[in-house]
Amino acid sequence: MFSGIIADVGIIECTEDRDGGLDLSVITRALGMEDVQLGDSMAVNGVCLTVVKIEGNRFSVNVSRETLNCTVGLIEGVRVNLEKALRLADRLGGHLVSGHVDGVGEVVEFTDLNESWKLSVRVPQLLAKYIAVKGSITINGVSLTVNQVEGDVFSVNLIPYTLEVTTLNELRAGDKVNVEIDLIARYVERIMQARG
1 MFSGIIADVG
11 IIECTEDRDG
21 GLDLSVITRA
31 LGMEDVQLGD
41 SMAVNGVCLT
51 VVKIEGNRFS
61 VNVSRETLNC
71 TVGLIEGVRV
81 NLEKALRLAD
91 RLGGHLVSGH
101 VDGVGEVVEF
111 TDLNESWKLS
121 VRVPQLLAKY
131 IAVKGSITIN
141 GVSLTVNQVE
151 GDVFSVNLIP
161 YTLEVTTLNE
171 LRAGDKVNVE
181 IDLIARYVER
191 IMQARG
């Protein structure tokens, strides 16, 4: 589990094909790898991946074909949002994030509002029903609050600090992003179906 509070922005240093999937090597600037062990989970642009190698401020992960089919942004040279898995004693500053990306959205608007920025994202219709005003959403691993929903498009406001410490400041209209809906919405739907 993660909180959606980004700890560092890293770079995917290299990728290598592996049986339909990929091996990624990620270099960090300030993440602090001294408490990370082999087998630990790491969120890379919102995707929960298992650390299989550690060398100083670099770590490697394996990415399956299934993960590549439902995510974006795991390519060589790209800057990525990084977060270590939560420990039970950690502060939960964002919301509970699983790192299991639900789908890929498309940026439709990224507008400067002077004190903040408005980011609007179109999601697949199947995901739209889970997104509610004042609910939580994760974009590229960043925990955010939904401000507006119109059909399959939702909007969030980004404060300058969020833009400074994440890669969301690099987004433009037409860009694809990893989206994870709130865990609670998923479970509520399943409970309602079981009652049905």
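With the UniProt record's numbering, the residue at position 13 of the sequence shown is 13, and numbering never jumps. Every residue, glycine too, gets a C-beta built ideally from N, C-alpha and C. These numbers were taken from a predicted model, which means no experiment stands behind them.
- Contact annotation: the segment 20-36 does not touch the segment 157-172, with fewer than three C-beta pairs closer than 8 Å.
- For a cut-off of 8 Å, the C-beta gap from Val80 to Phe59 is around 12 Å, too long to register as a contact.
- Its chain contains Gly21, Leu22, Asp23, Leu24, Val47, Leu49 and Leu74 as the residues whose beta carbon lies nearer than 8 Å to that of Val63, once the 5 sequence neighbours on both sides are disregarded; these appear in chain order.
- Using a Cβ distance threshold of 8 Å, Gly141 and Ala43 count as a contacting pair.
- Using a C-beta cut-off of 8 Å, the segment 174-188 makes contact with the segment 104-122, since at least three inter-stretch Cβ pairs fall below that distance.
- For the 8 Å CB-CB criterion, Val153 and Val133 do not form a contact.
- With contacts defined as CB atoms closer than 8 Å, Leu183 and Leu96 qualify as a contacting pair.
- The beta carbon of Val52 sits closer than 7 Å to those of Leu38, Ser60, Val61 and Asn62, all from its chain and outside the five residues before and after it, given in chain order.
- Nearest to Gly94 by alpha-carbon distance, out of Ile11, Glu109, Lys84 and Leu144, is Leu144.
- Its Cα nearest to that of Val78, the residue Val9 stands out among Val9, Arg186, Ser116 and Ile5.
- Spatial neighbours of Leu92 in its own chain (CB-CB distance under 8 Å, excluding positions within 5 residues in sequence) are listed in chain order as Ser3 and Leu86.
- At a cut-off of 3 residues, the continuous stretches assigned as beta strand (DSSP E) that sit fully inside the UniProt domain "Lumazine-binding" (1-95) are 8-18, 21-27, 41-44, 47-55, 58-63 and 79-84.
- In the three-state reduction of the DSSP assignment, Asn140 falls in the coil class.
- Secondary structure note for Leu127: it is in no beta strand (DSSP E), and the uninterrupted alpha helix (DSSP H) holding it is Gln125 to Ala128.
- Glu170 sits in a helix when the DSSP states are folded into three classes.
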